[in-house]
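Everything on this sheet refers to the single structure shown next.
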Amino acid sequence: MKFRKLGNTGEQLSAIGLGCMGMSFAYGPADEQESISTLHRALDLGVNFWDTADMYANGENEKLISKVLVPNRDKIFIATKFGFRFKDEKASHSGAPGTYFDGSPEWIRQAVDQSLQRLKIDTIDLYYAHRVDPNVPVEETVGAMAELVKEGKVKYLGLSEASAESIRKANKIHPITALQSEYSILTRDVEKEILATIRELGIVLVPYSPLARGLFANINEVQNFGDDDFRKSLPRYQQENLENNRNLAKEINDFAASKGVKGTQLALAWVLNQGEDIIPIPGTKRIKYLEENIEAAGIELSPSDLDTIDAILKKYPNTGERYSEGSMKLVNN
1 MKFRKLGNTG
11 EQLSAIGLGC
21 MGMSFAYGPA
31 DEQESISTLH
41 RALDLGVNFW
51 DTADMYANGE
61 NEKLISKVLV
71 PNRDKIFIAT
81 KFGFRFKDEK
91 ASHSGAPGTY
101 FDGSPEWIRQ
111 AVDQSLQRLK
121 IDTIDLYYAH
131 RVDPNVPVEE
141 TVGAMAELVK
151 EGKVKYLGLS
161 EASAESIRKA
171 NKIHPITALQ
181 SEYSILTRDV
191 EKEILATIRE
201 LGIVLVPYSP
211 LARGLFANIN
221 EVQNFGDDDF
231 RKSLPRYQQE
241 NLENNRNLAK
251 EINDFAASKG
261 VKGTQLALAW
271 VLNQGEDIIP
281 IPGTKRIKYL
291 EENIEAAGIE
301 LSPSDLDTID
311 AILKKYPNTG
321 ERYSEGSMKL
331 VNN
């Protein structure tokens with residue numbers, strides 16, 4: 001496994017982390033035994049950067065991870081997030097009617113204790129605000145998070161899907177170590193302003209969904225997604241964008257095959273190629289896909305390869321929004 005620095009913290013994280021959401025939430029039925037086996041295999045492969053959130057299956061994902069985290073605490077850098085809450089305590093995705101965001105200092109103090117209890121640890125390595133609450137000044141949210149650092153409950157602070165302006169405001173209150181935002185060959189919003197901002201401030205980018213939510217592997221399987229797979233609600237899997245994205249995926253997969261790799265591996269290698277200060281966290285609940293993802297760290301992309309990928313993307317511009325309208329209202333605040 002290759003490693004990358006977490007800014008100036010001295011922490012060395014696996015160049016490819018592990019997003020754990022799908023083990024409990026959003027991507028079809030959960031399989032606890034397979035997920036636990038995948039977590040153990042991640043350790044074997046040197047994947048020491050694991051990511052979860054309190055909203056994933058309403059805390060159940062944190063409980064699942066604890067079963068492997070606790071006996072291997074010194075080997076794992078654990079990140080979790082707070083902020084999304086459910087009106088009826090029924091877990092759902094960020095844009096669902098029963099989901100709302102709470103970045104208040106009062107909730108932060110409760111949320112961190114609940115996450116620590118579920119994870120069964122004393123300190124969270126990296127604690128993110130899952131979004132920026134449009135109703136609470138980001139300075140207040142980060143001020144409350146900074147208190148958690150003083151109390152020893154949290155080591156480092158992060159933001160997720162924050163605007164450049166919010167990042168600057170937050171960093172003045174307490175150093176922000178990482179920004180977690182969606183970033184892939186299909187989702188490049190951070191390149192407009194945010195990437196330059198965090199590089200100026202020494203903040204690491206942690207891309208989630210670096211594989212475009214499995215689009216290159218699963219675009220032809222959308223009809224088989226279960227009702228508990230939230231990708232069915234995403235515009236990129238909707239009829240108006242489906243044909244465009246099927247053609248795009250085919251060309252990306254064909255180009256990847258010409259290099260002897262899978263389309264998903266090519267997509268992940270592209271993200272890794274964007275800078276040493278970028279640590280993606282592709283999610284999976286299967287050992288097979290974990291191993292495929294890790295192999296992407298060894299894929300070299302030439303300037304010509306990058307030009308070819310860009311040329312393919314320009315041929316198929318109608319990819320659709322990355323989230324539903326409700327979820328999009330909570331990004332880049």
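Following UniProt numbering, the numbering of the sequence shown begins with 1 at its first residue and continues without gaps.
Even for Gly, the Cβ is constructed at its ideal location relative to N, Cα and C.
Bear in mind that the values here come from a model prediction, so they are computed numbers and not experimental data.
Buried/exposed call for M1, threshold 16 Cβ in 10 Å: exposed
DSSP bridge partner residues for G10 (one or two, in chain order): DSSP output for G10 lists no bridge partner at all.
Burial state of Q110 (16 or more Cβ within 10 Å): exposed
Within 8 angstroms, strictly: CB atoms of Y183 and P207: In contact: Y183 and P207 (Cβ atoms closer than 8 angstroms).
Beta strand (DSSP E) segment containing D51, residue limits: F49 to D51
Proximity winner among L201, D122 and N293, relative to G158 (alpha-carbon distances): L201
Residues near Q114 in its chain [Cβ-Cβ closer than 8 angstroms; skip 5 each side]: Excluding residues within five positions, the ones whose Cβ falls inside 8 angstroms are D54 and G59.
Short Cβ contact (8 angstroms threshold) for S37 with A30: Against a cut-off of 8 angstroms, the Cβ pair of A30 and S37 comes out as no contact.
Helix, strand or coil at P303 [DSSP, three-state]: helix
Rounded straight-line distance, which links the Cα of K81 to that of Y56: 10 angstroms
Cα-Cα separation, P134 to E106: 16 angstroms
Cross-strand partners of P207 (DSSP beta bridge): S181
Cβ-Cβ distance between N333 and V190 below 8 angstroms: No.
Complete beta strand (DSSP E) runs within the segment 41-80 (minimum length 3 residues, chain order): 49-51
C-alpha distance - I299 paired with N293, whole-angstrom precision: 11 angstroms
Cβ distance (whole Å) where T177 is taken to contact I203 below 8 angstroms: 7 angstroms
Rounded C-alpha distance that separates K192 from P71: Computed Cα separation, rounded: 42 angstroms.
Where L186 falls: helix, strand or coil (DSSP): coil
Outcome for G214 when other beta-carbon atoms lying within 10 angstroms are tallied against a minimum of 16: buried
Outcome for A311 when other beta-carbon atoms lying within 10 angstroms are tallied against a minimum of 16: exposed
Any 3 or more C-beta pairs closer than 8 angstroms across the segment 271-284 and the segment 1-15: yes
Candidates E291, L313 and N244, of which the one nearest F255 by Cα: L313
Any beta strand (DSSP E) of 3 or more consecutive residues that is wholly inside the segment 78-162: 84-86, 99-101, 124-129 and 154-160
Beta-carbon proximity of A267 to P210, cut-off 8 angstroms: yes
DSSP beta-bridge partners of L18: W50
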